[in-house]
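Worksheet: one structure, shown below.
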Ligand code: GLU
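Residue numbers (our numbering): 440 to 923.
In structure tokens form, the structure reads like this:
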């Protein structure tokens with residue numbers, strides 16, 4: 440069998456990490472089986488449609504290395520792949536079901552339905568459409584249609600017996616038919632509901648494996664009844680548990696950090712996001728943690744998708760990200776970090792390639808970079824307490840003496856290279872009979888204004904240049920003289 444899976448997002452905003460993971464699993468499954476991965480845009484819910492969201496979906500999938508074989512912009516034999524462009528094809532199928540008794544016109548108004556809902560609730564019942572319009576005669580229906588009364592088409596679901604199907608993740612599922620409601624297939628605006636369109640499109644597009652969120656598990660019997668009513672083959676089902684923030688909370692769009700684009704904006708690498716997302720809800724059955732896309736394709740097995748929700752742990756993602764950053768070729772790191780350096784160092788004459796070398800191993804997320812290097816652009820205000828360091832055996836008094844000793848030494852250097860600075864400073868410390876830390880610590884504080892820096896005193900001095908190094912030393916000396 441030629442495997443065909445699809446990712447069928449609704450363009451209602453940015454791409455949610457849960458949605459991206461669904462896309463990923465569909466993509467991996469298709470590629471693993473030398474099948475086709477199809478992108479279908481489900482935009483029949485006009486009220487929830489967000490301008491530009493479709494482009495975000497394209498960009499995100501491409502950015503992550505998931506190319507689709509058929510879809511809106513690449514075409515294919517089963518197009519169009521945007522549901523709103525298919526809208527005229529659904530009604531004839533719905534009419535066919537009306538003819539065969541599997542569906543019927545319903546003329547109940549919103550108000551009537553609301554009244555009956557409230558009455559049912561008052562009786563302590565859950566309202567389910569009561570098949571009120573099922574009993575209209577053919578003539579009555581025609582009269583109402585001719586009179587221009589608004590209508591919808593509903594599925595005529597059985598009320599007795601049960602419907603079973605097999606899901607590749609959740610196993611055998613059985614639902615009593617009296618739990619099924621007569622869902623709307625065609626809405627008043629003439630558009631199909633998701634419930635109807637997914638069946639028609641999955642069939643017409645030859646989808647063999649329907650992969651989607653587990654929130655559709657309980658609706659699937661209704662879809663299967665539609666497939667059967669048409670005499671179509673039912674696809675295989677792979678329902679996936681959600682991606683959650685923790686056991687009790689969905690990773691909600693409202694948290695503000697559930698979108699792929701949010702993570703990219705914060706400086707996460709798409710490879711790290713994909714690698715980590717693959718493991719949220721699926722395991723390879725081995726200890727391997729790092730996967731390229733090709734390795735994921737190789738290892739992927741839908742039977743290793745967990746039934747329990749995947750918990751998205753941002754710290755774990757950050758750990759993956761740091762590892763991916765560490766493994767970047769230095770040129771690639773430099774290219775990626777440059778705009779982040781620019782935010783605080785543009786025009787400051789700092790040698791980016793050297794700074795990048797010092798920063799690569801310390802970068803967990805690119806958005807943390809500006810704060811870590813800003814001191815090179817501007818000496819921050821700092822407290823004289825920083826000169827106190829037990830292990831380095833230094834305090835403001837010792838620091839003052841050390842800096843007074845080292846200032847003329849630095850001033851005397853004419854060839855400002857890291858090696859010369861290093862050798863000259865170390866020789867001077869030895870000559871003075873001082874401990875390295877008692878000089879290097881205060882020197883680093885004076886020229887950086889902070890206790891933790893990428894690189895040590897020598898590297899920072901070189902990056903700042905001689906003039907700026909001496910200027911900062913003087914500021915430090917002034918401070919130390921005033922506190923001592
Ligand atoms: N458009 C549906 C959604 O975004 C897709 C569900 C499916 O994959 O069938 O929830």
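Even for Gly, the Cβ is constructed at its ideal location relative to N, Cα and C.
How do the stretch 650-666 and the stretch 583-602 stand: do at least 3 beta-carbon pairs fall below 8 Å, yes or no? yes
Reduced DSSP secondary structure (H/G/I, E/B, other) of residue 521: strand
Does the beta-carbon of residue 637, which I'm using as the reference point, lie nearer than 7 Å to any heavy atom of ligand 1? Indeed, a heavy atom of ligand 1 lies less than 7 Å from the Cβ.
Please classify residue 482: is it buried, with 16 or more other beta-carbons within 10 angstroms of its beta-carbon, or exposed? Its Cβ being crowded by 16 or more others within 10 Å, residue 482 is buried.
DSSP three-state label for residue 863, please. helix
Give the single residue among 506, 589, 526 whose Cα lies nearest to the Cα of residue 547. It is 589 whose Cα lies nearest to the Cα of residue 547.
Please report the distance separating the alpha-carbon of residue 618 from that of residue 510. 35 Å
Taking only the alpha-carbon atoms, compute the straight-line gap between residue 448 and residue 761 and give it to the nearest angstrom. 30 Å
Burial state of residue 743 (16 or more Cβ within 10 Å): exposed
In chain order, what residues of the same chain lie with their CB nearer than 7 Å to the CB of residue 894, ignoring the 5 residues before and after it? 797
Any heavy atom of ligand 1 closer than 7 Å to the CB of residue 532? No; taking the cut-off as 7 Å, the Cβ of residue 532 has no heavy atom of ligand 1 nearer than that.
What does residue 660 pair with, by DSSP beta-bridge criteria? None; residue 660 has no bridge partner.
Quick one: Cα of residue 505 to Cα of residue 914, how far? Cα to Cα, the separation comes out at about 54 Å.
Using DSSP's beta-bridge definition, name the partner residues of residue 689. 683
Rounded to the nearest angstrom, how far is the Cβ of residue 888 from that of residue 833, given a contact under 8 Å? Not quite, the Cβ-Cβ distance comes to about 16 Å (not below 8 Å), so this is no contact.
heavy atom of ligand 1 below 7 Å from residue 651 C-beta: yes
Does the beta-carbon distance from residue 456 to residue 608 come in below 8 Å? no
Which residue marks the beginning of the beta strand (DSSP E) containing residue 606, and which one marks its end? 601-606
Is the separation between the beta-carbon of residue 689 and that of residue 715 shorter than 8 Å? no
Every unbroken alpha helix (DSSP H) within the stretch 829-902, with a cutoff of 4 residues, ordered by chain: List check, alpha helix (DSSP H) in window: 835-850, 857-871, 875-887.
8 Å contact criterion, which residue 653 and residue 679 should meet: CB distance rounded: 6 Å
Separation of residue 799 from residue 829, as counted between CA atoms: Going by the C-alpha atoms only, they are around 29 Å apart.
Measuring only the C-alpha atoms, how far is residue 622 from residue 594? 6 Å
From 557, 545, 561, 450, pick the residue whose C-alpha is nearest to that of residue 925; which is it? Look at the range of the chain in this structure, 440 to 923, and you will see that residue 925 is not part of it.
By DSSP, does residue 719 sit in helix, in strand, or in coil? coil
Any chance you could list the beta strand (DSSP E) runs of at least 3 consecutive residues sitting entirely within the stretch 609-671, in chain order? Complete beta strand (DSSP E) runs here, min 3: 610-615, 623-625, 648-652.
Secondary structure, beta strand (DSSP E): runs of 3+ residues fully inside the stretch 530-565: 542-545
Rounded to the nearest angstrom, what separates residue 391 and residue 789 at their Cα positions? What the structure shows of the chain is the stretch from 440 to 923, and residue 391 is not part of that stretch, so it cannot be assessed.
Does the stretch 523-539 come into contact with the stretch 552-563, if we say contact requires no fewer than three beta-carbon pairs (one atom in each stretch) closer than 8 Å? With the rule of 3 Cβ pairs closer than 8 Å, the stretch 523-539 does not count as touching the stretch 552-563.
For the stretch 751-777, which segments carrying the alpha helix (DSSP H) assignment without a break, of at least 4 residues, lie completely within its bounds, in sequence order? 753-765
Express the C-alpha separation of residue 806 and residue 670 in angstroms, rounding to a whole number. 55 Å
Go ahead and pull the three-state DSSP assignment for residue 501. helix
Residue 610 burial status per 10 Å Cβ neighbour count (16 or more: buried): Exposed is the call here.
Same chain only: Cβ atoms within 7 Å of residue 871, ignoring 5 sequence neighbours per side: 844
May I have the straight-line CA-CA distance separating residue 808 from residue 776, to the nearest angstrom? 8 Å
Taking just the CA atoms, how far does residue 801 sit from residue 567? 58 Å
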